[in-house]
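Worksheet: the structure to be examined is printed underneath.
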Amino acid sequence: MIDKALIRSRFGRAWSSYDSEALFQKEMARCLIALYHDTSGEAEDVLELGCGTGLLSEKLLSTLPTGSRFTFNDLSPEVLPYLGEKTGTGHRILIGDAETMEWGGLYTLIASNASIQWWRDPVAFFQKSAEHLERGRGQILLGTFLPDNFHELTAVTGKALSYPTVAGIREALSQGGFTDVRMEEMRETFSFPDITGLLRHIRKTGTGGLPADQKGIWTPARLVRMEEDLRHSGGLYPGAPLSLTYSALLLSAKR
Numbered sequence: 001m002i003d004k005a006l007i008r009s010r011f012g013r014a015w016s017s018y019d020s021e022a023l024f025q026k027e028m029a030r031c032l033i034a035l036y037h038d039t040s041g042e043a044e045d046v047l048e049l050g051c052g053t054g055l056l057s058e059k060l061l062s063t064l065p066t067g068s069r070f071t072f073n074d075l076s077p078e079v080l081p082y083l084g085e086k087t088g089t090g091h092r093i094l095i096g097d098a099e100t101m102e103w104g105g106l107y108t109l110i111a112s113n114a115s116i117q118w119w120r121d122p123v124a125f126f127q128k129s130a131e132h133l134e135r136g137r138g139q140i141l142l143g144t145f146l147p148d149n150f151h152e153l154t155a156v157t158g159k160a161l162s163y164p165t166v167a168g169i170r171e172a173l174s175q176g177g178f179t180d181v182r183m184e185e186m187r188e189t190f191s192f193p194d195i196t197g198l199l200r201h202i203r204k205t206g207t208g209g210l211p212a213d214q215k216g217i218w219t220p221a222r223l224v225r226m227e228e229d230l231r232h233s234g235g236l237y238p239g240a241p242l243s244l245t246y247s248a249l250l251l252s253a254k255r
């Protein structure tokens with residue numbers, strides 16, 4: 001079960017280090033903008049869910065027409081100073097759980113990057129978005145992780161978030177009445193000298209890397225065993241760098 005309070009706490013402690021560590025998420029944001037295609041020449045009403053420090057937010061602001069109206073949402077109020085550095089002031093802010101809270105009104109663009117994996121039902125994003133898009137002018141722009149994300153850790157712990165599958169996403173898009181769907185998958189593997197470095201990277205991006213029921217697992221003995229298990233599972237020789245693979249799906253669709 002996803003523990004939203006724990007997620008908020010972890011990210012609240014990690015925002016100061018997020019931009020320097022979240023290199024993959026930053027690349028996701030760059031690629032999402034490349035996928036975006038304008039649905040009208042008029043001012044947009046834009047909602048970004050799980051905006052974090054604004055990696056995607058600042059790109060949306062520089063890409064969309066002057067006069068666009070922005071609403072930024074995040075679970076963590078601690079993010080606001082970091083978001084403000086990239087977006088400035090004067091935008092509508094919604095602090096709270098995007099999965100359960102009211103979004104208010106209709107939008108021409110609903111965007112989210114590296115966020116809906118924290119929903120208890122990630123594919124519910126599509127139906128809820130469909131209900132808040134202007135029909136005939138609406139568009140979603142989404143970056144989310146796939147089931148093989150962090151597969152190295154999953155192989156040795158048996159634990160992972162409930163990531164949506166491409167098939168499940170396609171079905172949800174169809175049920176939500178979305179058309180003109182464009183999808184791209186992206187993957188990147190990072191290397192770390194040891195388990196301490198790998199877990200430090202994960203902690204500095206706020207994710208914790210594992211479901212909430214795994215908190216407190218990292219005793220010194222467990223760290224040693226975890227590193228041994230990762231090397232054995234990956235066929236790595238002693239002293240070889242440890243790998244951690246990010247796997248994501250980027251998509252745009254109209255409604």
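If you read the sequence shown in this note's numbering, its first letter stands for residue 1, the second for the next number, and so on.
Glycine included, each C-beta is placed from N, C-alpha and C at the ideal position.
All of these numbers come straight from a predicted model, not from anything done at the bench.
The way I'd put it, the region 147-157 doesn't touch the region 97-106; fewer than three beta-carbon pairs between them come closer than 8 Å. Taking P238 as reference, the option from F125, F70, S247 and V224 with the minimal CA-CA separation is V224. DSSP, reduced to helix, strand and coil, places R187 within a strand of the structure shown.
In the three-state reduction of the DSSP assignment, S115 falls in the coil class, being assigned neither a helical nor a strand state. About 22 Å separates the CB atoms of Q117 and L80; that is not less than 8 Å, and the two are not in contact. Apart from sequence neighbours up to five positions away, the residues of its chain that approach L56 with a beta-carbon distance below 7 Å are A29, L32, E48, A111 and N113, ordered along the chain.
CA-to-CA, the gap between Y36 and T66 works out to about 16 Å. The alpha-carbon of E134 is positioned some 9 Å away from that of L109. In this structure, the alpha-carbon of I195 lies about 11 Å from that of I202. The three-state secondary structure of V156, taken from DSSP, is helix. The continuous alpha helix (DSSP H) containing L6 extends over residues K4 to E21. As far as DSSP is concerned, N149 takes part in no beta bridge. Under the three-state reduction of DSSP, T71 is assigned to strand. D97 carries a coil assignment under DSSP once its states are collapsed to helix, strand and coil. The region 162-176 makes contact with the region 137-146: 3 or more CB pairs, one atom from each, lie closer than 8 Å.
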